[in-house]
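J.: Okay, handing you the structure first.
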Amino acid sequence: MSLSAEVTRELSGSQSVIAHTGWRRHDTHWVISLFGTAVGAGILFLPINLGLGGIWPLLIVAVLAGPMTFLAHRGLARFVLSSSRPQADFTEVAEEHFGKMAGRLISALYFLSIFPILLIYGVGLTNTVESFMVNQLGMATPNRVMLSGLLVFAMIAVMMAGEKAMLRAFAFMVYPLAAILAALSCYLIPQWQWPEVTAFDGASFLNTVWLALPVTVFAFSHAAAISGFANVQRREYGEQAEARSGLILRNTTVMLVGFVLFFVFSCVLSLSPLQLAEAKAQNVSVLSYLANITDNPVIITLGPLIAFIAISSSFLGHFLGARESLKSLIAKPTGLSIAKADRLGIALMFFAIWGAAVLNPGILGLMETLSGPVIAMILFIMPVVAIYRVEALARFRQGWVNGFILLTGSLAVSALVFSLLK
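For the sequence shown, position 293 matches number 1651 in the working numbering, and the numbering has no gaps at all.
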């Protein structure tokens, strides 16, 4: 059976679940939350990173983005749901399936892959708001210690307020984000130019696609929120949690691929390869570059707003994953209760993110790159290994699907390692 046939069969199975239970507001809220987790500040650099290779690699990556995103995240959700213990988080599931030592190592790597991104978002959120206050509102430069502390505290307070408050916050931020992305993509259509079609070079083409895979993985990744998401679906749907999770993840993927790729193509078709290279050399986002070369008030106004909403929504999703993994990592060796470990973990993360936002270090891009291979291994490779090792996942041993996930994940990891060693 082909990969596409297997995916179609899986989605058809999910449709029977929705027919039985009906689509609910709960499901819509989680689609929005996962979308918000994935669409971070990186989307503003995505058109530059993907567009530099030319139109043909971009088209191939666009075709691969949907299956890669859906199948990998569904595999991770299935891994979390495979535990024999209700409400087991990622750390507990990893220990159950791989043993105490290996499980804790996997969980520590999972946390360390998410935490640097939170530091980056703490810095990015502070810089975005500070820049907006000074450049757009004409205010004096605010006290960075106070500003960063208030912003980080506000983000964490939303998470502390509970699941309903978090989902409302996502809806409040993500609906405008999706609308602005769509509107901006349409706004750029009159500036579209027919892309330059150069002679096909097989070796260069394959190399470009290979190096673009990590960008694709992380532009659409919402792995940080999957453990918490899966546990909520188990509580909400019981035995139907696995099928229901797959359905929600499918709709999240459709929304992500639709909005993000439309934005990417619209930006790439509006700029020449020379301009994309110039934007990369200047190390600015695509909206900043467009604003600089056109002096367009619409783009100048929407740029900071998109950046603020994207960073805030992605911060919440990544904090959800970091909080869940850290409390288990603290509770096990210290003997603290989960509640006390949770409070301690939140306090530690608050001061660490606040400190990074105040210091505004320049090494955070490197930290993000170093966390990349771990995310790819946990999202793509580890769930496939578990499928062939854990009896509870034996029914998912589908050769084409698992082979595709393992191949694309391995290529993404190797490309990231290659980029670091260059």
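Beta carbons are placed, not taken as given, at the ideal position from N, Cα and C, and that holds for glycine. Bear in mind that the values here come from a model prediction, so they are computed numbers and not experimental data.
Just mark residue 1546 as buried or exposed, buried being the case when its beta carbon has 16 or more other beta carbons within 10 Å.
T.: buried
J.: What number of angstroms, rounded off, separates the C-alpha of residue 1659 from the C-alpha of residue 1462?
T.: So the alpha carbons of these two residues sit roughly 46 Å apart.
J.: Among the residues of its own chain, which have a CB less than 8 Å from the CB of residue 1550, if the five just before and after it don't count?
T.: Setting aside the 5 residues that flank it on each side, residue 1550 is surrounded in the same chain by 1624, 1627, 1628, each with a C-beta closer than 8 Å to its C-beta; the list follows chain order.
J.: Which of the three DSSP states is assigned to residue 1676 in this structure?
T.: helix
J.: From the DSSP output, in three-state form, read off residue 1497 for me.
T.: coil
J.: Three or more C-beta pairs closer than 8 Å, one from the region 1394-1405 and one from the region 1577-1584: is that the case here?
T.: Verdict: yes, contact present.
J.: Using 10 angstroms around the beta-carbon of residue 1474, count the other beta-carbons present and answer buried if the total reaches 16, otherwise exposed.
T.: buried
J.: To which residues of the same chain is residue 1480 closer than 6 Å at the C-beta, ignoring the five residues directly before and after it?
T.: 1510, 1711, 1714, 1715
J.: Using C-beta distances below 8 Å, list every residue in its chain close to residue 1607, excluding the 5 sequence neighbours before and after it, in chain order.
T.: 1392, 1428, 1431, 1432, 1435
J.: Out of 1529, 1592, 1678, state which residue places its alpha-carbon closest to the alpha-carbon of residue 1440.
T.: 1592
J.: Report the three-state DSSP secondary structure of residue 1746 (helix, strand or coil).
T.: coil
J.: Might you give, ordered along the chain, the residues of its own chain that have their beta carbon closer than 6 Å to the beta carbon of residue 1362, omitting 5 neighbours on each side?
T.: A caution first: residue 1362 carries a pLDDT of 49, below 50, which makes its placement in the model unreliable, though a value can still be read off. The answer is none, since no qualifying residue turns up.
J.: Sort 1522, 1684, 1508 by Cα distance to residue 1484 and report the nearest one.
T.: 1508
J.: So residue 1388 is in the alpha helix (DSSP H); what residue range does that whole segment cover?
T.: Start and end: 1383-1396.
J.: Helix, strand or coil, according to DSSP, for residue 1550 in the structure here?
T.: DSSP places residue 1550 in coil when its eight states are reduced to three.
J.: Which residue spans inside the region 1403-1452 form an unbroken alpha helix (DSSP H) run of at least 4?
T.: 1404-1409, 1413-1439
J.: Drop a sphere of 10 angstroms on the beta-carbon of residue 1602, count the other beta-carbons inside from all chains shown, and report buried for 16 or more, exposed for fewer.
T.: By the 10 Å Cβ count, residue 1602 comes out buried.
J.: Determine the burial state of residue 1459: buried for a count of at least 16 other Cβ atoms within 10 Å of its Cβ, exposed for fewer.
T.: exposed
J.: Quick one: what does DSSP say residue 1629 is sitting in, helix, strand or coil?
T.: coil
J.: If residue 1492 sits next to residue 1486, beta carbons under 8 Å apart, how far is it from one beta carbon to the other, in whole angstroms?
T.: Not confirmed; about 11 Å, so no contact.
J.: Residue 1566 to residue 1530, Cα distance in whole Å?
T.: For residue 1566 and residue 1530, the distance between alpha carbons rounds to 37 Å.
J.: In terms of alpha-carbon separation, which member of 1389, 1382, 1401 lies closest to residue 1620?
T.: Closest option to residue 1620, Cα to Cα, is 1401.
J.: Between residue 1504 and residue 1516, is the Cβ-Cβ spacing less than 9 Å?
T.: no
J.: Could you check what DSSP says for residue 1579 in three-state terms: helix, strand or coil?
T.: Three-state result, residue 1579: coil.
J.: Can you give me the C-alpha to C-alpha distance between residue 1586 and residue 1390, rounded to a whole angstrom?
T.: 15 Å
J.: So the alpha helix (DSSP H) residue 1593 belongs to, where does it begin and stop?
T.: 1584-1595
J.: In this structure, how does DSSP classify residue 1598 when only helix, strand and coil are distinguished?
T.: Here residue 1598 carries a helix assignment [DSSP, helix/strand/coil].
J.: With 16 other CB atoms within 10 Å as the buried threshold, where does residue 1501 fall?
T.: Exposed.
J.: Of all the options 1442, 1411, 1519, 1383, which has the alpha carbon lying nearest to the alpha carbon of residue 1704?
T.: 1519
J.: Taking a contact to mean a Cβ-Cβ separation below 9 Å, would you say residue 1622 touches residue 1420 in this structure?
T.: yes
J.: Is it the case that the Cβ atoms of residue 1588 and residue 1438 are separated by a distance below 9 Å?
T.: Contact: yes.
J.: Go through its chain and collect everything with a Cβ distance to residue 1600's Cβ below 7 Å, but skip five positions before and after it.
T.: In the same chain as residue 1600, and ignoring 5 residues on each side of it, the C-beta atoms closer than 7 Å to its own belong to 1436, 1439, in chain order.
J.: So residue 1734 and residue 1774 are supposed to be a Cβ contact under 8 Å. How far apart are they, rounded?
T.: 7 Å
J.: What residue range does the alpha helix (DSSP H) around residue 1469 cover?
T.: 1458-1489
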